[in-house]
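See below for the structure under consideration.
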Amino acid sequence: MAPLRTGAAPAGVRIEAPDPESAPVPRHVAIIMDGNGRWAQARHLPRVAGHRAGAQAVRRTIEAAIASGVGWLTLYAFSSENWARPEDEISDLTGLLRHYLRHEVAELHRERVRLRAIGDRARFGADIARELADAEALTAGNTRLHLTMALSYGGRSEIVAAARAVAQAAASGTLAPSDLTEDAFSGFLFTAGMPDPDLVIRTSGERRVSNFLLWQAAYAEYLFPEVLWPDFNAAHFDSALADYARRNRRYGARPE
Ligand code: IPE
Ligand code: IPE
Ligand code: MG
1 MAPLRTGAAP AGVRIEAPDP ESAPVPRHVA IIMDGNGRWA QARHLPRVAG HRAGAQAVRR
61 TIEAAIASGV GWLTLYAFSS ENWARPEDEI SDLTGLLRHY LRHEVAELHR ERVRLRAIGD
121 RARFGADIAR ELADAEALTA GNTRLHLTMA LSYGGRSEIV AAARAVAQAA ASGTLAPSDL
181 TEDAFSGFLF TAGMPDPDLV IRTSGERRVS NFLLWQAAYA EYLFPEVLWP DFNAAHFDSA
241 LADYARRNRR YGARPE
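Numbering-wise, our numbering puts 202 at position 202 of the sequence shown, and it's gapless, one number per residue.
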């Protein structure tokens, strides 16, 4: 059995993979990028250093996704609950987001990446909301990788907002309650038109969903590698794809 891609195997991670010719590649990988604070703490650095190193891991992961043929990558960068963090950390994270948008979008566009954001972007302020809208407009025609950043995102509030929109459509007579199917409901979510995630990875060893893609990940495969997000690299990504390729997705049915 050949590894999906050669490269240094991370310590303790097996990269043995099924035959790459036949191994199914997940269409959509979603990642809860966790462990920045612990990474910094272990180095006696301020938390912001962990978030900065986390931004480098984002770059590596986008490259790894493109190289492996994953078409959709969704990254949980800031949850609706993260507003509860101290003001200085929020200001560091907002600053990093602004810096990322100003300095990385042109490169994403060159790489033919389409960028989208899901979540309550208005909470970051008008300038970031506008930069996100500009980046989405600039990259709207790209199809090599669909990159979605979950920013001030919460799964429950997304579902409630969708339910509210459904109720409004029903009240105004544009949607008959009997026409509300699962597919129709999906069309009211931020992720309308996107495929559901096949694989959700949460780094840092925490085994929680933390309000991420609650509706969309109903049948995703989950993986909880111990690696802290700032250390995440192409070998970890490939190892996750290899693990996914060994899963047996049954969707509740009985295999023959
Ligand atoms: C993930 O790292 C980044 C965000 C949630 C914004 P954390 O900041 O949660 O890092 P830990 O979990 O404290 O190590
Ligand atoms: C989840 O991580 C959110 C992101 C990675 C953006 P947190 O570190 O905020 O989640 P909890 O507090 O461990 O649930
Ligand atoms: Mg965390």
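Each residue gets a CB set at the ideal place from its N, CA and C atoms; glycine is no exception.
Remember, it's a predicted structure, so these values are computed and weren't measured experimentally.
Could you tell me how far apart the beta carbons of residue 80 and residue 153 are, in whole angstroms, since I believe they sit closer than 8 Å? 6 Å
Within 10 Å of its beta-carbon, does residue 127 have 16 or more other beta-carbons around it, so buried, or fewer, so exposed? exposed
Round the Cβ separation of residue 139 and residue 109 to the nearest angstrom and send it over; I've been treating them as touching at under 8 Å. 5 Å
For residue 260, is the beta carbon positioned less than 7 Å from some heavy atom of ligand 3? Since the displayed the chain opens at 1 and closes at 256, residue 260 lies outside it and no answer follows.
Proximity of residue 199 and residue 214 at Cβ, strictly below 8 Å: no
Let's test the definition: count the other Cβ atoms within 10 Å of the Cβ of residue 99 and tell me whether it reaches 16, buried, or not, exposed. exposed
Can you tell me the Cβ-Cβ gap for residue 38 and residue 175, rounded? I've got them flagged as a contact below 8 Å. Rounded, the Cβ-Cβ distance is 46 Å, inconsistent with contact.
Can you have a look at residue 75 and say buried or exposed, based on whether 16 or more other CB atoms are within 10 angstroms of its CB? buried
Return yes when the Cβ of residue 113 is within less than 8 Å of the Cβ of residue 70, no when it is not. no
If you check the beta carbons only, do residue 244 and residue 221 fall under 8 Å apart? yes
My parser needs the alpha helix (DSSP H) runs of 4 or more residues fully inside the segment 107–192; what are they? 126–138, 155–171, 182–186
Would you say the beta carbon of residue 38 comes nearer than 7 Å to a heavy atom of ligand 1? yes
In terms of alpha-carbon separation, which member of 158, 178, 34 lies closest to residue 216? 158
Consult DSSP for residue 78 and reduce its assignment to one of helix, strand or coil. strand
Residue 80: beta carbon under 7 Å from a heavy atom of ligand 2? no
How would you write the range of the alpha helix (DSSP H) that residue 236 sits in, first residue to last? 234–245
Going by the DSSP bridge assignment, what does residue 199 pair with across the sheet? 29, 221
Check whether the Cβ atoms of residue 133 and residue 101 lie closer than 8 Å to each other. no
Does the distance from the C-beta atom of residue 180 to that of residue 166 stay below 8 Å? yes
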